[in-house]
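The structure under discussion appears below in the form of structure tokens.
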Amino acid sequence: MAQTNRDQVHPRAKDDRKTVDELLAAVANDYNLTELARLRIRYRGFPGAQDIQRDLERALQNWNLTEEELFERTREIHSRGRVERCGCWRSRRLVLISLYMDNSQESANY
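Taking the numbering used here, the leading residue of the sequence shown gets 1313, the next gets one more, and so forth.
Below, the structure written as structure tokens:
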């Protein structure tokens, strides 16, 4: 197969773009840190989605973190338990709530 100079389009790019835009406007809470780390891993070495990769780097800079510091913090977050989000519709807008669940707890009471 012939190589082209075109960037590949990641199959999750459309959904990930929304998440990246949210991260650029967000604070560095546990949920957002884990989302940033997840996306950094997903796009590491991917031959395309340069706009997403650039904005993931911007989010790191906005939060004054290096990638290693981000991964260190997210390892600590995950060692405490799962990080989940709950979507609640309010005024036709999805409000994200971070829930921190102990590993022994199977469901959140909310």
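Every residue, glycine too, gets a C-beta built ideally from N, C-alpha and C.
A direct Cα-to-Cα measurement between LEU1345 and ARG1318 gives close to 31 Å. The segment 1364 to 1378 and the segment 1327 to 1338 touch, with three or more beta-carbon pairs separated by less than 8 Å. DSSP, read as helix, strand or coil, puts VAL1332 in helix. GLY1360 sits close to GLN1320, with the two beta carbons spaced by under 8 Å. Cβ-Cβ separation between GLU1379 and ARG1352: approximately 6 Å, consistent with a contact (criterion under 8 Å). The beta-carbon distance between ARG1397 and TYR1343, rounded to whole angstroms, is 6 Å. This is short enough to meet the 8 Å contact definition.
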